[in-house]
Every structure is written in structure tokens, then in C-alpha cells.
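Order-wise, the sequence lines are chains A and B. The opening residue of the first sequence carries number 2 in this note's numbering; numbering runs sequentially from there. The opening residue of the second sequence carries number 123 in this note's numbering; numbering runs sequentially from there. Even glycine gets a Cβ: it sits at the ideal position worked out from N, Cα and C. To start, the structure under review is shown below, and the notes come after it.
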Amino acid sequence: MSTDHLLVVEDLKTHFSTTAGVVRAVDGVSFTLERGKALGIVGESGSGKSVLSRSIMGLLPGNNVMRSGSVKLDGHELMGLSRSEMRSYWGQTMAMVFQDPMTSLNPVMKIGKQVGEGLRRTLGMSKQDSIETAERLLADVGIPEPARRLKEYPHQLSGGMRQRVTIATALSCGPSLLFADEPTTALDVTVQAQILDLLAAQQHDRNMSMILVTHDLGVVAGRTDEIAVMYAGQIVERAPTASLFANMKMPYTEALMKSIPKLTDKAHTRLDSVGGRPPNLISPPAGCRFAPRCPYASERCLSEQPPLVEAVETPGHYFRCWYPVGSQEYIQAVRRRESLAAAGGI
Amino acid sequence: MAGTGKAHLHNGDDTILRVEDLLVEFKTEEHGKKVHAVTGISFDVLKGETLGLVGESGCGKSTTGRAVMQIPRPTGGSVVFEGRELTALHGEELRKLRTDVQMIFQDPISSLNPRRKVIDIVAEPLHIWGIGTKEERIAKARDTLAAVGIDPDQAGDRRPHQFSGGQCQRICIARALVLDPRLIICDEPVSALDVSVQAQVLNLLEDLKAQFGLTLVFIAHDLAVVKNVSDRVAVMYLGKICEVAPSDDLYREPRHPYTTALLKAIPVPDPTVRPDGAVRLRGEIPSPVAPPSGCRFRTRCPSADAICAEQEPQLIQVGHEHFVACHHPVPISGLADAAQ
């Protein structure tokens, strides 16, 4: 392991025990993140992407959570730390921006106090210093008239401005790793673009690492160095961003990409949708978890779980599939499908 | 935009819905102030076409859809459906007419009664109107469920919570279809769904439209989704229509600065396309309680000048079926890449 790895996650599992059984929300996830780089985690609802980021940050409360594996931040093992020990990492080392700014801000606390809270508690600043720093932070995240905004309450701000405030709060203690969990999902598209620009600029200026969690492949495409695609609690494909889009290996990633309506397609272009829905995480399929929905699945896929392997021709590109897109078996499966469709008289 | 004007309306017999000068205002708690949700918009929908209404939160697109249904009644303007003025209809007449115009909503789970069986939910509209015998109603409901891809044998006796969001949306579509409506207003029908499920529902809507000869008004904030299903698209901003055009033309050659900025703001799932910060719109949509004078988009528009504050632009024709309400429409050249 080279020293520029800020975050090293190995075989992280996060299970929840429920009355219906054990939900394997995150089931053996490993990845590394270099200092100053941005990783996108993409997946649909229930893929485990949000649980993964909360699990790394130690934000999952309650005694029905079972975690195992290893999370190393800057060489320090975080697994097994108590909540108060984790607290020393929050703010200064790791911080998070959540989806809905209205619920992550305290509605009865003035903006200035909220942004300054971390500065006072974590960095031990005086009240006066914290207010001055908060004002500068608000200006940094593009809030006009920061001095006036400090004295306002969250409901007096628009959705985009509120999200800027939560970003300012997350950045206040200078974290080396920022989690952004669907930071723009609640926002309009023009405001989303502004917020994504802001996150990218701050990440660059502060040489900070960022984990951007989203359901939207479009959001991560232009703004991350690496992407991990999650399905049913596992990473099914992980690659440098350009390589992932240029050279998709995992049929699930391909299916996800094909089902997105694209502006470059003509109106009424038929979308290539994948049938079915993600599996139950209490008793996931024995083989590949995507096999029941995969158009190219064969018997091996249904019985034997594929490991996450590195592509021979493109190092750094990992995928979890026996017959990746472009392989001989894949091409045969495509031909089989086509002949079946032809035989069906379509 | 900000524009008014009716240059884009058609005059033929094939217009199924014609909305003119639609005005919807809501009272605010503060005395004398009003929310100008929709201010004098006009549009029409041709038989068998899908008209997309697209815009960001607060642009009035959902209010427009509801005002067509007369829930609530618009403050002013006219809504003519198949030659009948809806704003003049009352009571039983209006109820009857609503069987021909149905709605599908954004959140499929909250728009289904959780305590009723799926088959009863879908048969309910027939029951309300006393159509057929009980057996005929159940048979029709079963056929409709099958048409939307839900197996009536397996699903009929189950309740909404036993289905996923995508399946619930299919059930909502079946319920809207069971009375054989001629127009369906879809208000953000796929916004709550994951992309893979969204694709299934969009394909289904296209199939049903062909199968049942439907006309759709498709309201959504996602431009790519709207483009995929629509024949024509109207872009809305702060209670006004900025631009109306056939879908392919609108995306290839947007003429309104707002449409251009909106298209550029969409994150493209292609890492070779770098996010273009140069055409970023600054600020956010102004309050509809006190909208800007003249063109409502002028406060965020890169090409706004004095005339934009004084005069409200009218919709003018700039191409085949392509209309824009702007004093300074974006020139065609140099725009071709906006759609990419």
C-alpha cells in the first residue's frame, strides 16, 4: 500500500438484523481512495450506496447493526472505535453533505451559529473568530451577502442556498475526506449544476478527497476520477471514470447506461430497459446477484458467485462477472438472444 | 420568458385540448399579495400527440396540469376540451367530463389506497359510474391490469404495499386507463422511480399510447425524459411559456436563453463531455409572489437589456412549429452543440 492512499476499505460488511431476517445492505466492499481524488459511488435505491458511506463514517446508530471488515483512514483503523473516538474524526478528517438540506440543518438555529458550531467545538475557536470564519466560508461557497445570511434561519433560504450552507458547514474544519450523499437530488437542474461546480472547485482548492454518492451516472461522469457501481450490496464494477464509460465490463452497468434517456437520441427512441428489480438482501441469489435479471446469464452465473477481478487489458478496471461485456461468451449470449427474438417472430 | 401570445396555436379540427390565457393565482397569508403561479399561458394538444411540459420547480407546470382538470379552478382563461369549455362546466357535467381526462401522479404509492385490493382499485372508476355488471367490471379491470404488465391472477388480490414503486405506477396507469379516457395528464410519472424502472414505465406509456389511441400531456422536470416521450415540448419558466417546439428541434436548436442554459446544465453520462461552467445560470428562480417586470427570465438571463425589463416578449415563430418568447433569441449558429 502506497502512502498516498487516504482511505482503504477492505471487505466491509454492514448487516442489519430485522424481524424478517438479516439484511445484508453492504456485503463485502473493498476499495481505496487516493488523496485529492474524487470517487463516485453509483447505484439504484437499495444498492447499499448510502449505507456504505454512513458505515465508513461510523454514522449508523443502534444495536441492530453488524459491521465487519476494515476501514483505514490515513493509516488509522476506524473499525471498532467507540462513538466518542469517532467524533474526533468527524469534521476535521471526514465530513458529510446530505441529500436534503432542510432536514440536515437545524430549523431553529441561525445559519452563523450552525456553520460556526464545528469551529468552536472542534477547533476551539472563540465565538468572534468563529463568526468571522463562518462569514468567509459562506462567501467561499458563493452565498451573496454572507454577513446578513449569518443572522438568518434556514427557512429564509432557498434550497440551493441551504445546500451551500451545509457544504460550508462540512468544509468548516477542513476535512481531508468529504462524503456527498446525493447532494443535488433535491435540487433543480440549473442549481444542481452550480452545486456540482462548487463541490469540484472546493475539492480541487483544498486538495480534498471526495466520495460522491448518487443514482445518476450523469452526475459522476464529468466530475470524478474513479467510479464504483454498486448492486445489491456489492461493488460490481470499479474503474477510472474514462475507462468505465469507454469500456463497460459489467452487464448491469451496461443495462443502467442503456436505460437512461439521452438528449442526443431522437424523440420516441425505445429505451432498452432491464426487466425485474433488485433482489431481496435478506436472501440474495446464490450466484451472481444480477444473474436473475441479466440478459446474458448462463447456468454458471446462477450458481457460482463471480469475484471482483481486474481486467487484463485495462489495469485498474475491476468487474464482477463471469462473462463480461465483449467476451466470447457474452457475444455468444447476445447471438443466442437475437436468434431467440427472431424465432419469436418479432 | 416570459411570454404570452398565441401564434403557436393550431386552428384545425384535430386539436383535442386548447388552453388560452390560463391564469392561476393563489392568495397568500399576507393581505393583498398573490402567488402568480401561471400567468396567461396558451397551448394546445393535437389528437394522438404527446405534449411535454418541462421546467424547474415553481415554473407552474403541475399547476397547469391541474388547472386543465379544474382542480382547482383557474383564476382566468379558457380550457377547451373536445370543443367544450371546461371552465363553464359545473357539478355533474364536469364530473362526467373528467372520465375522458385522467391524471397520473408522481408518487404512485401515496396515490393508491393502501387498504384496498389492487383489482378493486382498478375497478373502482367503473363502479363509480355504474358501468357494466360486477363481473364485467372485474373482467375489464383484469384486462387493463394485463395491458400494463401486471398479472391479474397473481396481483389482483394483493394490496399496494406488496408492490414496488414501478409496479404501483403501473397500477395507477391501469386505473387511469380503465374508463377509456382520451387525454391523460401525467404529472412527473417517473420522477420517483429508479432509472431502470423509469425506462420500463416510459416504454409502457409509449406502447399504451399506440394501443389505446391516447393523447398525453407529459409534465416533468427531466429534459431527457420529456424529449424521449414527447412530440412537442413547451418549456416553462415562472408561470410562463418560454419556447414551444417539436422535441427534436428544441433540443437541436434551442432559441430561448433559458432552454439553452437548461440543456447545458444537464449532467451527461459521458466523461468526455466536460461540464461547461461558462453558460451556468446564476441565482435561482425568483419568487412568484413578485415576479420580475417584462420578461420573467431577465434577472438570470445573460443577454437581458433594458427592453426586457419593460416589455414582455410575445411568442414568435422561428421555425416550423417552433416558437420562442424572447427579445434576443439565441442565434442558430453555434448552438448545434447545445443538444449534445
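| query | result |
| --- | --- |
| Report the three-state DSSP secondary structure of residue 232/A (helix, strand or coil). | strand |
| In the DSSP output, which residue or residues are listed as bridge partners for residue 95/A? | 91/A, 178/A |
| If distances are taken between C-alpha atoms only, which option among 45/A, 31/A, 151/A comes closest to residue 166/A? | 151/A |
| Just to check, is the beta-carbon of residue 281/A closer than 7 Å to a non-hydrogen atom of the ligand ADP? | As far as ligands go, the structure on display features none, and thus does not contain the ligand ADP. |
| What distance in whole Å lies between the Cβ atoms of residue 234/A and residue 84/A, which are believed to be in contact at a cut-off of 8 Å? | About 24 Å separates the two Cβ atoms, so there is no contact after all. |
| At a CB-CB cut-off below 8 Å, which residues of chain B make contact with residue 270/A? | 350 |
| Do residue 319/B and residue 288/B come within 8 Å of each other at the CB atom, strictly closer than that value? | yes |
| Can you give, in chain order, each stretch of the beta strand (DSSP E) that sits fully within the segment 71–141 of chain A and has at least 3 residues? | 95–98 |
| Please tell me whether residue 463/B and residue 341/B are closer than 8 Å, where the distance is taken between their beta carbons. | Chain B is shown only over 123 to 462; residue 463/B falls outside these bounds and no answer can be derived. |
| Which one of 247/B, 199/B, 363/B has the shortest CA to CA distance from residue 220/B? | 247/B |
| Mind listing which residues of the segment 389–409 of chain B have their C-beta closer than 7 Å to chain A's C-betas, in chain order? | 389, 390, 391, 392, 393, 395, 396, 397, 399, 402, 403, 406 |
| From the DSSP output, read off the bridge partner residues of residue 166/B. | 140/B |
| Looking at the C-beta of residue 426/B, does it have a partner C-beta in chain A at a distance below 8 Å? | no |
| Measure the C-alpha to C-alpha separation of residue 67/A and residue 274/B and round it to an integer number of angstroms. | 40 Å |
| Give every residue of the same chain whose Cβ lies closer than 7 Å to the Cβ of residue 16/A, excluding the five residues on either side of it in the sequence, and list them in chain order. | 23, 24, 25, 26, 67 |
| Tell me which residues of the segment 128–156 of chain B have at least one Cβ-Cβ distance to chain A shorter than 8 Å, keeping chain order. | none |
| CA-CA distance, residue 271/A and residue 158/A? | 41 Å |
| Using a beta-carbon distance below 8 Å, is residue 258/A in contact with chain E? | The structure shown contains no chain E; the protein chains it does contain are A and B. |
| From residue 316/A to residue 177/A, what distance separates their C-alpha atoms? | 27 Å |
| Please list the partners that residue 193/A has in chain B, where partner means a Cβ-to-Cβ separation under 8 Å. | 387, 389 |
| By how many angstroms is the C-alpha of residue 296/A removed from the C-alpha of residue 341/A? | 12 Å |
| Using 8 Å as the threshold, is the segment 164–173 of chain B in touch with the segment 134–141 of chain B, meaning 3 or more CB pairs across them? | yes |
| From this set, 18/A, 42/A, 12/A, which residue's C-alpha is nearest residue 211/A's C-alpha? | 42/A |
| Could you tell me which chain A residues have their CB closer than 7 Å to the CB of residue 345/B, listed as they occur along the chain? | 264 |
| Using DSSP with H/G/I as helix, E/B as strand and the rest coil, what is residue 50/A? | helix |
| From the beta carbon of residue 310/B, is the nearest beta carbon of chain A less than 8 Å away? | no |
| Helix, strand or coil, according to DSSP, for residue 433/B in the structure here? | coil |
| Within the 8 Å Cβ cut-off, does residue 316/B reach chain A? | yes |
| Indicate whether at least one CB of chain A lies closer than 8 Å to the CB of residue 454/B. | no |
| State whether the segment 319–333 of chain B contacts the segment 352–365 of chain B, with contact taken as three or more CB pairs (one from each stretch) at a distance under 8 Å. | no |
| Just to confirm my understanding: we take residue 366/B, look at its own chain, exclude 5 residues before and 5 after, and list those with CB closer than 6 Å. What are they? | 130, 356, 445 |
| Any idea if residue 333/A is buried or exposed, counting beta-carbon neighbours within 10 angstroms, 16 or more meaning buried? | exposed |
| May I ask which residues mark the beginning and end of the alpha helix (DSSP H) holding residue 335/A? | 329–344 |
| In the DSSP output, which residue or residues are listed as bridge partners for residue 354/B? | 173/B, 368/B |
| Grab me the residues of residue 44/A's own chain with a C-beta within less than 6 Å of its C-beta, minus the 5 sequence neighbours each way, in chain order. | 50, 231 |
| Go ahead and label residue 69/A buried or exposed: buried means 16 or more other beta carbons lie within 10 angstroms of its beta carbon, across all protein chains shown. | exposed |
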